[in-house]
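Peer 1: So the sequence lines, in the order shown, correspond to chains A and B.
Residues are numbered in the numbering used here as their position in the first sequence, beginning at 1, plus a constant of 467.
Residues are numbered in the numbering used here as their position in the second sequence, beginning at 1, plus a constant of 467.
Note that the Cβ used here is the ideal one computed from N, Cα and C, for glycine as well.
Since we're looking at a predicted model, the values are computed, not measured.
Number of protein chains: 2
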Amino acid sequence: MIADLNQESGRAGVIYREIKRRITELVYKPGEKISESRIAEELGCGRSPVRTAFSRLQNEGWIEISPQSGTFVRGLSQAEIDEIFEARLLLEAYLAGRAAKRMNELEMRRFRRALAAYGKRVPADRMDEFLELDLQFHLAIYKAASNKPLADVLLNLTDKSRWIRLMRKGSTTRMSDALGEIRDVLDALEARDEKAAAAAMHTHIENMIRQSNQRTQSPPKHKGANAKTPKNGRVAAPTK
Amino acid sequence: MIADLNQESGRAGVIYREIKRRITELVYKPGEKISESRIAEELGCGRSPVRTAFSRLQNEGWIEISPQSGTFVRGLSQAEIDEIFEARLLLEAYLAGRAAKRMNELEMRRFRRALAAYGKRVPADRMDEFLELDLQFHLAIYKAASNKPLADVLLNLTDKSRWIRLMRKGSTTRMSDALGEIRDVLDALEARDEKAAAAAMHTHIENMIRQSNQRTQSPPKHKGANAKTPKNGRVAAPTK
DNA sequence: CGACCCAAACTAGTCAACAAGTTGTCTAGC
DNA sequence: GCTAGACAACTTGTTGACTAGTTTGGGTCG
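#1: What number of angstroms, rounded off, separates the C-alpha of I486 of chain A from the C-alpha of G528 of chain A?
#2: Select from A:E508, A:K610, A:A554, A:R677 the residue whose C-alpha is nearest the C-alpha of R632 of chain A.
#3: Pick from A:Q681, A:S522, A:A645: whose alpha carbon is nearest that of M668 of chain A?
#4: Could you give the first and the last residue of the continuous alpha helix (DSSP H) run that contains E475 of chain B?
#5: With burial defined as no fewer than 16 other Cβ atoms inside 10 Å of the residue's Cβ, what is the status of G513 of chain B: buried or exposed?
#6: Closest to G647 of chain A by C-alpha separation, out of A:A584, A:P534, A:Q525, would be which residue?
#7: Per DSSP, which residues does G537 of chain B bridge with? Please list them.
#8: How big is the Cα-Cα spacing for G700 of chain B and K568 of chain A?
#9: Can you confirm whether L556 of chain B, when its beta carbon is compared against all beta carbons of chain A, has any partner nearer than 8 Å?
#10: Relative to the alpha-carbon of G477 of chain B, which residue among B:E657, B:G498, B:R659, B:P516 has its alpha-carbon at the smallest distance?
#11: Do N614 of chain A and R565 of chain A have their C-beta atoms closer together than 8 Å?
#12: Could you give the first and the last residue of the continuous alpha helix (DSSP H) run that contains L543 of chain B?
#13: For the alpha helix (DSSP H) holding E499 of chain A, just list the boundary residues, first then last.
#14: Is P616 of chain A buried or exposed, if buried means 16 or more other CB atoms sit within 10 Å of its CB?
#15: Measuring CB to CB, does E503 of chain A end up less than 8 Å from R518 of chain A?
#16: Are the region 584-596 of chain B and the region 530-538 of chain B touching by the rule of at least three beta carbon pairs closer than 8 Å?
#17: Interface residues of chain A around V620 of chain B at Cβ under 7 Å?
#18: Looking only at its own chain, which residues have a Cβ that is under 8 Å from the Cβ of M575 of chain B, when we skip the five neighbours before and after it?
#19: Between B:A666, B:A546, B:D626, B:A560, which lies nearest to L602 of chain B when the distance is taken from Cα to Cα?
#20: Can you tell me the Cα-Cα spacing of F597 of chain A and M642 of chain A, whole angstroms?
#21: Residues of the region 583-616 of chain B with a CB closer than 9 Å to any CB of chain A: list them in chain order, please.
#22: Along the chain, where does the alpha helix (DSSP H) containing T609 of chain A start, and where does it finish?
#23: Who are the Cβ neighbours of L556 of chain B in its own chain at under 6 Å, not counting the five residues just before and after it?
#24: Would you kindly report the start and end of the unbroken alpha helix (DSSP H) that includes M642 of chain A?
#25: Taking 8 Å as the CB-CB cut-off, is E550 of chain B touching chain A?
#26: Which residues in the same chain have their Cβ closer than 8 Å to the Cβ of L472 of chain B, if we skip the five residues on either side of it in sequence?
#27: Out of B:V494, B:Y609, B:Y561, B:A612, which one is the CA nearest neighbour of M634 of chain B?
#28: In this structure, how does DSSP classify P590 of chain B when only helix, strand and coil are distinguished?
#29: Please name the residue, chosen from A:R650, A:M675, A:N674, that lies closest to A664 of chain A on a Cα-to-Cα basis.
#30: Give me the Cα-Cα distance between I608 of chain A and K662 of chain A, rounded to the nearest whole angstrom.
#31: Verify the CB distance criterion: does P534 of chain B have a CB-CB separation below 8 Å to chain A?
#32: Out of curiosity, what's the CA-to-CA distance linking I482 of chain A and R523 of chain A?
#33: Taking S628 of chain B as the reference, give the member of B:E553, B:A520, B:L582 with the closest Cα.
#34: Strictly below 7 Å CB to CB, what residues from chain A border L624 of chain B?
#35: Looking at chain B, which residues of the region 498-524 of chain A have a Cβ within less than 9 Å of any of its Cβ atoms?
#36: Counting only beta-carbon separations shorter than 8 Å, does Y483 of chain B have a partner in chain A?
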């Protein structure tokens, strides 16, 4: 029920996903003008389904519709990107904590097994595969935390994050660090340790943000599952 | 820019606000079937603007559209209500903390003055007026915190909260308590005390939830601006 | 009397044509 | 050469007709 929003059936749903795919994969670039009629013709349908899809894409902040003028792919200012990351930091950590009390054993074992398939590092040829696993892990946490309003906004924010990563052509060299961080989160989940799960996830997102902002000069932090309790505020203090 | 979503111009925007008003004021009751064509006829327009409005209302969780069958006003299960309140608890407290560092002096003075107009208690004949002030105060905090993704979801959640209050015909006897709590929040904002603001808002929302759940047998808690630092988790421990 | 079936009414989805507005270009005039 | 104005192309907004599917109520058969 949580992630069903994307599964909207019908022609309009298909078109929504296709346009969103083209935006997130930079087929349509930020600032580019896209037209209802052109896309309708391209996809072989009338303007109505395209309009429906546009309306939803606008609600979700992917495009901007200027009446009688045109529809444009939105770009994100640095301030907006900061807001997205700040929101993820808060929500991911919170939901991870909630999930610690609720995720079922079977699912946790599934991720434990999937993570075991990687050694200490993520091979270069399996990075896309790992990114997909990472995404699935986050989605599983949203589902387990069972808070639809928060999960919905996070689904949008993860899509935006992926978009940002692609736009910045971010290097994927951080994968192996992320692998360890995810294992920390899973450790905490398995231990049913709410605070540790939130703290580990906070660290994971924080490092993701740091890499996205390309401040690679400062090495990523790493905390074990026994890390300090998370501050409610911004940035967890370094462990030592 | 933040609250502009409701100001969408054009016929579709007007219709959106009208239908939403009818839902939140219980003209259309949960479970009731509403039809595009009937509303279009009623409001003297074609089905398209109504469709646009419906689409958005569905995205925001007010209605449910069943293809080729009908459109129904959504009801909220107790689980969904709990999720909404949980989300508000997290987000309101967080944004209040952020606002403590950012809200401008002028706005704070404006609310200080407006609150001073009330004494120790809210007169029975000014309850609606006070509810509006309370709403404006929350909106000002969202704006000051300047995080659009979080503010957007909170705007929806406050609407839902008001809806819930109306559906439960909740008594408004708590107004005077709320008055004190809001003053605590404002105190913390003026002191630029992030943690105190978050804690005071947390208490405010928590008491609002308690009243909405009609567990009126346990007296509402009250903490001053010097309250303990907020836990990241669920419910702040009683002061003593 | 009850269960089943079928048809009529109603629903949202789609489409093509039209309306209203904006934008960019091209030309006439200075 | 440059500016002002009109025009043409293109945009989304709106409309009503049509489609495909569901629901519902009445009628018939067992």
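Peer 2: In this structure, then:
#1: 13 Å
#2: A:R677
#3: A:A645
#4: Element bounds for E475 of chain B: n/a, residue is neither H nor E.
#5: exposed
#6: A:A584
#7: B:S533
#8: Here the model assigns G700 of chain B a pLDDT of 34, short of 50, so the residue's position is not dependable and the matter cannot be decided.
#9: no
#10: B:P516
#11: yes
#12: Where L543 of chain B is concerned, there is no enclosing alpha helix (DSSP H), given that its DSSP letter is neither H nor E.
#13: Looking at the DSSP string, E499 of chain A is not in any alpha helix (DSSP H), and its letter there is neither H nor E.
#14: buried
#15: yes
#16: no
#17: P616, V620
#18: L653, L656, E657
#19: B:D626
#20: 8 Å
#21: S613, N614, K615, P616
#22: According to the sequence provided, residue 609 of chain A is Tyr. The question's Thr does not apply to it. Per DSSP, Y609 of chain A belongs to the alpha helix (DSSP H) from 594-612.
#23: I672
#24: 642-657
#25: yes
#26: Any reading at L472 of chain B must be qualified, since the residue scores a pLDDT of 49, below 50, and its modelled position is unreliable; no value is offered.
#27: B:V494
#28: coil
#29: A:R650
#30: 15 Å
#31: yes
#32: 11 Å
#33: B:E553
#34: P616
#35: S515, R518, T519, S522, R523
#36: no
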